[in-house]
Structure formats: structure tokens, C-alpha cells
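Q: In mature numbering (1 follows the signal peptide of the UniProt record, and there is no 0), the protein residues as written are -18 to -1, 1 to 435. Ideal placement from N, C-alpha and C gives every residue a C-beta, glycine not left out. Below you will find the structure I want to go over with you.
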């Protein structure tokens, strides 16, 4: 009975979750950008400037007036992953606190301190974006120096300093942690925006679940939404093909893994762009595209067209493009038809000679340009060729294998590469610069080893 109940709950809960189409592993190399976030936001300096202003609801500190904070040291930030939680953060800094002391003279306190907090990583319910929230902020005094007279009783001085600093520092420093996290969180905001794939549709990187934190990295799973321009969503065909981060990468490094299934779905947006009509008599190194050339492979052509006529070729891709990946090699599978016509003058109806069903593979090489994934294709091989119709009678289409192979390579592959120049969008997070990434083809996925420099 319990087993049946468990299966029922699975069907209601687990089985409704989308499978990830991309995985992001954030190591400490990327997360250390919190240091730059604090530098860029100048938050400590801003907090110091606010310290001397009278804040609503803030009680004056007994024994000190005209409070000011100056000479804030450049913070040193240490981060550690907390499995299942997020990141433990320690900010080491120093500053000088000045004011009028209870003795009437100018007081100066030079303090070195650590601010610690746990930054819990969550998924925002409204936006679906990753978000850090701090909790348990503490200020730990490392060293304190003061210009108070040395003849004062040490207990009195220490009591005064302890009372003063514990009133000033948490209110000054802990909001700085929150402000820096807000600055970092804003660098996730573009992640949920639909990104265009040419004029044919968009890709939106949607989180599958709350990011998971381990002792070495944060993992973010995406179920990208691939949508045509008219609003129809393309399902990730072939979902269920397993892919995972390969071993052997340095601890603390960061990688992005794009599944072959995701790339196939994105290329489906471009499927109609792969349809072409080619009516050039001379193409590259090919022989003239005429009925006379075809007669060398199909003798029936010489009978049907004793006088040479120019050809027009129509290629249609009638199945969604599919990317497959094995370690070190990626192929683009295209299924469609290749139909040849006798070209006529403008206004005249073309005459179909024959229509072939074709299946061919293209080898794909990947690169990144302007933060978009670029693909360059070259012909791998023609896998199958079968005749579907013919106006010139029966003929052995296998005799055309070499001719069609050369035609695809010279005439069609350049068209495919022109279409692929549009590039595919990559997740926009933390102002990541993908142009520095090192790319590697692994089992069922493309991996980008992310670099900061």
C-alpha cells in the first residue's frame, strides 16, 4: 500500500518536473566576484558616509558625539561553500571612528574587524531567479586602538569601547553585507529574459529547481523554454538522454553544460531557414548544373532533354534537425528532400525531374563570439538516398551518390553556415564573459569551461 502511495505521489510531484537541458556549475572562481561587487558598489564607503548622519529612530550613543567613520580599508573577502545552504562569507576590513568623547576631547578609535554572515541561496518565488539572502550577521573585533588617555582606568576604557563599538558596528557593517548581496542578485536579473535566435524565436533559461550547494560548487539546473516566434513552445526532443560533468577539472572551477537535446531544439527554430532554392549554373568546383551533366549519371536525361537545359535545385528539411554528441565529435543530422527541376524563364512553370529523399550528417565545430554560441558545419557523409518520384522514368538513384555528395558540399553547406551565423544565446548571469571559455564536446553535451581571464 505504501509503495502504491509513493508511486502516486511521484506522479503528482517528481514526475511533473522538467528534465534539465543545461547545467551550470559555479565554483569559487566565479563566486569570488563578490569581492569585485563590493569594490564596484563602494558600499563600505557609502555606509561610512551615512554613519555620521542622524538616522530616524536611532538613539544617540552615550559618551560620544559627532560620530564619523573614515579611512575604511579595502575589504578582503573570504568565501566558503556551505553544503545545502549557500556561502559563508567573512569580510575583513578596518576603519577609524572619530567623535567627541565623554571627556570632552577628540576621540579616535582605530578598529580592525571581521564581518561574518551566511548567504543562503534560494529561488525567488516571483521571478524564479536565484537569490542570496544573508542571515546571522556578526561583527568580530580583531584589534582596537584608541587615543583615550592612558591614565584612565583600563576597565572604564574597555567598557566604553565595548559599549560604543557594539552599538556602532553591527548597524554600520551588516547592512553592507545585504547591500552587496543585492548588487550580486541584480546580476542575475537578465537570466529570465527571452533571448532571440535570429527572427525565428527565443530561448529562455528557466531554473528547474532551487540551486544546490555542495562543498565545492553551486549547481544550477536549467529547463530552457524554446519558443517559436508565433508562441509555440518546442519540446526538448530526446529528453532523457543522460549528460553529466566530466571528471578531471580543477576544484573551484566553473563549467556550463549544454545538452545535445537543447541545441537540437534551438536549431528547430531555424529549420525553415535551411530550405533553399538554388539556380546557379556554375557553383564552386562543380560541373555545370545542366541536364547534360545529369545525363552522365542518368542516361534517360539525354533522351528526355537532347538539348542542354539549366537546372534548379530545391532542398527542404522535413524533420527537425538533430544534434548528436560523442566525446570529441558532434554531428548535425538533416533529413529532407532534394528535388531537381528544369529551370524555365521567368513566368514559366518549372518541370520536376525527380525528387530524392536524403539523410546526411554534418560535422559541427563550436566557438563563442560576442557571448553567443557559434556553429560551423562541414559535410560528414551522405547516409541515405532514395527516389520518391521521377518524371523521366525509373533510374538507379545510387548512381547519383557522388554527384549529390559534391552538390551538398559545394552548394548547400555554405547556406547552412550562413544560417548558423545567427548564433545561439547563452545564460546571462553575473555579467559572465563566455568569450574566454574553453569548449569541449562530451557525451551528449557541449561543455564550456568558464574562465575569467
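(1) Please classify residue 321: is it buried, with 16 or more other beta-carbons within 10 angstroms of its beta-carbon, or exposed?
(2) Where residue 184 and residue 381 are concerned, what is the direct C-alpha to C-alpha distance, given to the nearest angstrom?
(3) Can you find at least 3 beta carbon pairs, one from the stretch 245 to 262 and one from the stretch 209 to 229, that sit closer than 8 Å?
(4) Below 8 Å, can you find three or more Cβ-Cβ pairs linking the stretch 175 to 183 to the stretch 414 to 428?
(5) Between 356, 13, 225, which lies nearest to residue 234 when the distance is taken from Cα to Cα?
(6) Using only the alpha-carbon positions, how far apart do residue 378 and residue 369 sit?
(7) For the beta strand (DSSP E) holding residue 203, just list the boundary residues, first then last.
(8) So, for residue 263: in the same chain, excluding its five sequence neighbours on each side, which residues have a beta-carbon less than 6 Å away from its beta-carbon?
(9) Take residue 71 as the anchor and find which of 352, 57, 49 has the nearest alpha-carbon.
(10) In the DSSP assignment, find the alpha helix (DSSP H) that holds residue 246 and state where it starts and stops.
(11) Is it the case that the Cβ atoms of residue 120 and residue 102 are separated by a distance below 8 Å?
(12) Is it right to say residue 346 is buried, meaning 16 or more other beta carbons lie within 10 angstroms of its own, or is it exposed?
(13) Do residue 64 and residue 195 have their beta-carbon atoms positioned less than 8 Å apart in this structure?
(14) Closest to residue 372 by C-alpha separation, out of 341, 286, 356, would be which residue?
(15) Can you name the start and end residues of the alpha helix (DSSP H) that residue 396 belongs to?
(16) Per DSSP, which one or two residues make a beta bridge with residue 128?
(17) Helix, strand or coil: how does DSSP classify residue 190 here?
(18) Within the continuous beta strand (DSSP E) that includes residue 78, where are the two ends?
(19) How long is the line joining the alpha carbons of residue 401 and residue 303, rounded to whole angstroms?
(20) Taking its Cβ as the centre, do 16 or more other Cβ atoms sit within 10 Å of residue 113, making it buried, or is it exposed?
(21) With distances taken between CB atoms, is the gap from residue 256 to residue 216 smaller than 8 Å?
(22) Taking the continuous beta strand (DSSP E) assigned at residue 365, which residues delimit it?
(23) Please report the straight-line C-alpha distance between residue 308 and residue 389, rounded to a whole angstrom.
(24) Give me, in chain order, the residues of the same chain whose beta-carbon lies closer than 7 Å to that of residue 438; leave out the 5 immediate sequence neighbours on both sides.
(25) Should residue 9 and residue 198 be called a contact, given that it needs their Cβ atoms to be closer than 8 Å?
(26) Can you tell me which of 332, 326, 324, 343 puts its alpha carbon nearest to the alpha carbon of residue 312?
(27) What three-state label does DSSP hand residue 155 in the structure shown?
(28) Tell me where the beta strand (DSSP E) around residue 322 begins and ends.
(29) Which term fits residue 122, buried or exposed, when burial requires 16 or more other beta carbons within 10 angstroms of its beta carbon?
(30) Just the Cα atoms here: how many angstroms apart are residue 152 and residue 202?
(31) Measure the CB-CB distance between residue 169 and residue 412 and report whether it falls below 8 Å.
(32) Roughly how far, in whole angstroms, is the beta-carbon of residue 439 from the beta-carbon of residue 110, given that I think they are within contact range, below 8 Å?
(33) Quick check on the burial criterion: 16 or more other C-beta atoms within 10 angstroms. Buried or exposed for residue -14?
(34) Could you tell me which residues DSSP pairs with residue 216 in its beta bridges?
(35) Starting from the C-beta of residue 427, find all residues in its chain whose C-beta is less than 7 Å away, skip the five residues before and the five after it, and write them out in chain order.
(36) Is the distance from the Cβ of residue 355 to the Cβ of residue 418 below 8 Å?
A: Checking against the coordinates, here is how it stands:
(1) buried
(2) Distance between residue 184 and residue 381, taken at the CA atoms: about 42 Å.
(3) Touching, yes.
(4) no
(5) Between residue 234 and the set 356, 13, 225, the nearest pair of CA atoms involves 13.
(6) Distance from the CA of residue 378 to the CA of residue 369, rounded to the nearest whole angstrom, comes to 8 Å.
(7) Note, residue 203: beta strand (DSSP E), 200 to 204.
(8) 270, 271, 292
(9) 57
(10) Counting along the chain, the unbroken alpha helix (DSSP H) around residue 246 starts and ends at 242 to 250.
(11) no
(12) buried
(13) yes
(14) 286
(15) From DSSP, the alpha helix (DSSP H) with residue 396 extends over 395 to 402.
(16) Paired residue(s): 91.
(17) coil
(18) Bounds of the beta strand (DSSP E) holding residue 78 are 68 to 83.
(19) 13 Å
(20) By the neighbour-count rule (16 or more Cβ atoms within 10 Å), residue 113 is buried.
(21) no
(22) 354 to 372
(23) 27 Å
(24) Nothing in the structure corresponds to residue 438, since the chain is present only between -18 and 435.
(25) yes
(26) 343
(27) Note: residue 155 maps to helix in three-state DSSP.
(28) 311 to 324
(29) Per the 10 Å Cβ criterion, exposed.
(30) 33 Å
(31) Closer than 8 Å, so yes.
(32) This structure leaves residue 439 out entirely; the chain is present only between -18 and 435.
(33) Since pLDDT at residue -14 reaches only 35, below the 50 mark, its modelled position is unreliable, and the value read off the structure follows with that caveat. With fewer than 16 other Cβ atoms within 10 Å, it is exposed.
(34) In the DSSP secondary-structure assignment, residue 216 is bridged to 208.
(35) For residue 427, where only same-chain residues beyond five positions count, the Cβ hits under 7 Å are 225, 239, 240, 241, 242, 307.
(36) no
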